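Q:
Next up, the structure:
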């Protein structure tokens, strides 16, 4: 039985300078919504679609639940499984959104609905890049964005334009970049630095690095077979690189404002 | 014997009486020098003095009216700042008040929503502080507990046409992979023909 205020204060009060303290013995507090990661991918962009789907599988292999949300027009997708549960703890969810605001609402609904079911999880959202230039409130969807880009100047310029569009729509967005197609780590780093320098200088905010991905033969075999690389060829360079990116995402998922 | 439990706030006069005795716990340097001071339209609950001689406007708000409380705190602070020097000349100056120090505000409320916290964080240079108050009933005794709430640091604005001189540091590249992890032979790692290596250079 509690005798005085100090005996019970911890049950109710946040510690000075700290987060809210859960009652002793209670299960760890789960966020109200899973983090949403928006990934701009063009409608016919098979390679980036494959990266997004394989990333969802890698997140699941690391113990997280991963749902991939996409506008319904994507069905049948050339690379993704049909809507419904997939391998590991993954799922493809299709929605009827026709613009960014509707896609954001669908993503938020999914993130909230999934939160009580899993301790760690993600909602990855395929965002048609042209929707980034439309109207409507999309801040919930664009808090955390991942861009896949190769290191060629034209691709970096496109990634810069996407980062600019995202930051204009959502001032606090965390815009991440994964470089793909690099043959050396140093080359990927150089490409990222060029983009980070440009965004920091011209947009006032730097993009954030989420590693690199490899465009090796396993990626294309996986696309053709519609099988995740991490399950088909777990020791391949492509699978190792996907796992590295997934780990970086897992580490950042707990950052304030992302869930 | 019932265990202590969180409860709703008592009538305002009782709440203010209890709070006044508790203000020094989270803010030990704060000294109350005036109370119920009529500002432009509504009264300021207390005016205090901080350790650095700043006058501090202290306001107590109700649950669910946190955003209004933040706005009123800023309004009262703006009202008091230009009048402080005159007040100190007309009245006997409370010890320790420095009219040249910035006037601050402290808003106390049972809970602050994200918009109120963001608004407080946007106030210039830490001039508005927030505190959460909770009432706890322990038998017949009512306790009021105060907890400072740090406003979120302001986010750098996205400059759509930022000048070239704007210097925000670029983020570092992150990966745990090495070239060996990429699993490519030396020949595979050679750059495409579009980026030929310098003549004589060893790949």
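Residue numbers (the working numbering), protein chains in the order written: chain A, 32 to 290; chain B, 51 to 253.
Glycine included, each C-beta is placed from N, C-alpha and C at the ideal position.
Quick caveat: nothing in here was measured; it's all calculated off a predicted structure.
#1: What number of angstroms, rounded off, separates the C-alpha of residue 59/B from the C-alpha of residue 184/B?
#2: Taking its Cβ as the centre, do 16 or more other Cβ atoms sit within 10 Å of residue 166/A, making it buried, or is it exposed?
#3: Applying the criterion that 16 or more other CB atoms from any shown protein chain within 10 Å of the CB defines a buried residue, is residue 92/B buried or exposed?
#4: Report the rounded CA-to-CA distance for residue 243/A versus residue 127/A, giving the unit in angstroms.
#5: Within this structure, are the beta carbons of residue 170/B and residue 120/B separated by less than 8 Å?
#6: Under a three-way DSSP split, which group does residue 197/B fall into?
#7: With DSSP collapsed to three states, give me the class of residue 277/A.
#8: Assign residue 57/B to buried or exposed, taking buried as 16 or more other Cβ atoms, counted over all protein chains shown, within 10 Å of its Cβ.
#9: With H, G and I counted as helix, E and B as strand and the rest as coil, what does DSSP make of residue 240/A?
#10: With DSSP run on the structure shown, which of helix, strand or coil describes residue 258/A?
#11: Which runs of the alpha helix (DSSP H), 4 residues or longer, sit entirely within the segment 56-91 of chain A?
#12: Counting along the chain, where does the beta strand (DSSP E) carrying residue 85/B start and finish?
#13: Identify whether residue 152/A lies in helix, strand or coil by the three-state DSSP scheme.
#14: Using C-beta distances below 7 Å, list every residue in its chain close to residue 74/B, excluding the 5 sequence neighbours before and after it, in chain order.
#15: Excluding the 5 residues flanking residue 286/A on each side, which residues of the same chain have their C-beta closer than 6 Å to its C-beta?
#16: Going by alpha carbons, who is nearest to residue 5/A out of 91/A, 267/A, 137/A?
#17: Alpha carbon to alpha carbon, how far is residue 160/B from residue 98/B?
#18: Which residues in chain B sit within 9 Å of residue 242/A, going by Cβ to Cβ distance?
#19: Thinking residue 95/B and residue 108/B are a contact (beta carbons under 8 Å), I'd like their distance in whole angstroms, please.
#20: Quick one: Cα of residue 75/A to Cα of residue 190/A, how far?
#21: Which residues in chain A sit within 7 Å of residue 231/B, going by Cβ to Cβ distance?
#22: Since residue 277/A and residue 90/A should fall inside the 8 Å C-beta cutoff, what is the C-beta to C-beta distance between them, to a whole number of angstroms?
#23: What do you get for residue 224/B, buried or exposed, if any count of 16 or more other CB atoms within 10 angstroms of its CB means buried?
#24: Nearest by alpha-carbon distance to residue 104/A: which of 125/A, 87/A, 98/A is it?
#25: Quick one: using the 10 Å Cβ neighbour count with 16 as the cut-off for buried, is residue 164/A buried or exposed?
#26: Mind pulling the chain A residues with CB within less than 7 Å of residue 220/B?
#27: Residue 275/A versus chain B: which residues are under 7 Å apart at the beta carbon?
#28: For residue 285/A, which of helix, strand or coil comes out of DSSP?
#29: Name the DSSP beta bridge partners of residue 121/A, please?
#30: DSSP has residue 179/A in a bridge; who is on the other side?
#31: Would you say residue 89/A faces chain B, with C-beta separation under 8 Å as the test?
#32: Listed in chain order, which residues of the segment 121-145 of chain A have Cβ atoms closer than 7 Å to some Cβ of chain B?
#33: Do you know how far the Cα of residue 63/B is from the Cα of residue 70/B?
#34: Mind checking which residues open and close the beta strand (DSSP E) that includes residue 226/B?
#35: Helix or strand or just coil, what does DSSP make of residue 103/B?
#36: Taking contact to mean at least 3 C-beta pairs separated by less than 8 Å, is the segment 248-263 of chain A in contact with the segment 66-75 of chain A?
A: In this structure, then:
#1: 8 Å
#2: exposed
#3: exposed
#4: 32 Å
#5: yes
#6: strand
#7: helix
#8: exposed
#9: strand
#10: coil
#11: none
#12: 81-88
#13: strand
#14: 80
#15: none
#16: Residue 5/A falls outside the range modelled here, since chain A spans only 32 to 290, and no answer is possible.
#17: 21 Å
#18: 223, 224, 225, 226, 227
#19: 6 Å
#20: 17 Å
#21: 268, 271
#22: 5 Å
#23: buried
#24: 125/A
#25: exposed
#26: 224, 227, 228, 231, 237
#27: 225, 226, 227
#28: coil
#29: 97/A
#30: 209/A
#31: no
#32: none
#33: 11 Å
#34: No beta strand (DSSP E) contains residue 226/B, which DSSP labels as neither H nor E.
#35: coil
#36: no
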